[in-house]
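Every position in the sequence shown, counted from 1, becomes a number in the numbering used here once 6 is added. Don't be surprised by glycine CBs; every beta carbon is placed ideally from N, CA and C. The next block holds one structure in the form of C-alpha cells; read it before the comments.
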Amino acid sequence: MTMENILWEQVQLVRQKSPLVHNITNYVVMNNTANALLAAGASPIMAHAKPEITEMIGIAHSVVINIGTLDEYWSESMIMAAETAHSVKKPWILDPVGAGATSFRNEVLNQLLPYNPTVIRGNASEIMALAKANTTATKGVDSTAESNEAIDAARYLVNQYNTIVCISGETDIILDTHQEISIKNGHPLMTKVTGLGCSATALVGAFIGVSEDKTIAVAAAMALMGIAGELAAEESKGPGSLQVNLIDKLYTMTEQEFINRLKIERK
7 MTMENILWEQ VQLVRQKSPL VHNITNYVVM NNTANALLAA GASPIMAHAK
57 PEITEMIGIA HSVVINIGTL DEYWSESMIM AAETAHSVKK PWILDPVGAG
107 ATSFRNEVLN QLLPYNPTVI RGNASEIMAL AKANTTATKG VDSTAESNEA
157 IDAARYLVNQ YNTIVCISGE TDIILDTHQE ISIKNGHPLM TKVTGLGCSA
207 TALVGAFIGV SEDKTIAVAA AMALMGIAGE LAAEESKGPG SLQVNLIDKL
257 YTMTEQEFIN RLKIERK
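Okay, structure coming up:
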C-alpha cells in the first residue's frame, strides 16, 4: 500500500469513528477549531473548568492543549489535563503558541512537558524556543525561522520527552525516534487567517485519538489540512472566503483529491 493510501485510510478512520476531542484552547480560535473538527468528522468539546477535567478526559479519545491565550486559571486547567491524560494514557497534543515570547509562557510549558505529550506541534521558532536550542526570536505567535532550521531542536524534544514533533511551515516536518516525514502542501493565503495552525493541531488531536500509528496519524492530519487549504485557495478571493471554503473542503475532500495533491517524502 502506498503512503498516499495509508494516509487516506487515516482520514476515513476519523470520519468513521468520530473521536471526541477535548480542547483546552485559546478563545480566539475556538469556533474555527470546533468547526474544523466537525468538518473532518470528529466531535469537539471545549472545556477548561477544573472540576470537570478528569471526567471529561475519561470520556474523550484525546486531549488538545493550546496555550495561545493563557491566564492563571486556564494554565492550571492545562496542567491538570496533561497530568490526567498522562496518567490514564490518553493521547494528548501540545501547541506551544508563542513559546519563548514571555517568561509566563515558558514557565507553563516547563510544567506541561514532563507529562510527555504524545505530539508537540508548533512553528519553527516555537519548537526552537521549547528546546532552548538557541536565541532565535519568536515574533508573537508567528515564526521567524524556517521549519528545516528547527530539526535539531525537534530531535532533542523527541528524545527528551518521548514525543512526536511536528514543525509547521511552508514544509511541515514530522519527526519521531526513527523517521522524518515532510509534507509540502498548503497555500500562502492560509497565513492570513488567524488560527489555522490551531485548527491543524486540533485535527492532529482527532487523528491520534483513533490511530494506532501516531506518527502516521500526525502526517495524515497535516496533509488533510494542507490539501484542504490548497483547494480552498483556488476558490477564494481572500482570507475571509478561504476560511469558509477550507471548512467545506475538510468536509467534502475526496480520495482522488487527497491522493492527487499529496506531496510527501519519508526518510
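{"Query": "I'd like the span of the beta strand (DSSP E) that includes residue 28, first residue to last.", "Result": "26-30"}
{"Query": "Taking the alpha-carbon positions, what's the residue 60 to residue 87 distance?", "Result": "7 Å"}
{"Query": "Could you check what DSSP says for residue 218 in three-state terms: helix, strand or coil?", "Result": "coil"}
{"Query": "Excluding sequence positions up to five away, which residues of its chain have a Cβ less than 6 Å from the Cβ of residue 159?", "Result": "133, 134, 137 and 139"}
{"Query": "Please report the distance separating the alpha-carbon of residue 50 from that of residue 235.", "Result": "21 Å"}
{"Query": "Let me know the alpha helix (DSSP H) ranges lying completely inside the stretch 16-94, each 4 residues or longer, listed in chain order.", "Result": "36-46, 56-65 and 78-93"}
{"Query": "Within 10 Å of its beta-carbon, does residue 72 have 16 or more other beta-carbons around it, so buried, or fewer, so exposed?", "Result": "buried"}
{"Query": "Taking the alpha-carbon positions, what's the residue 247 to residue 200 distance?", "Result": "13 Å"}
{"Query": "Return the chain-ordered ranges of every alpha helix (DSSP H) run that is complete within the stretch 158-231 and spans a minimum of 4 residues.", "Result": "202-214"}
{"Query": "Go ahead and label residue 103 buried or exposed: buried means 16 or more other beta carbons lie within 10 angstroms of its beta carbon, across all protein chains shown.", "Result": "buried"}
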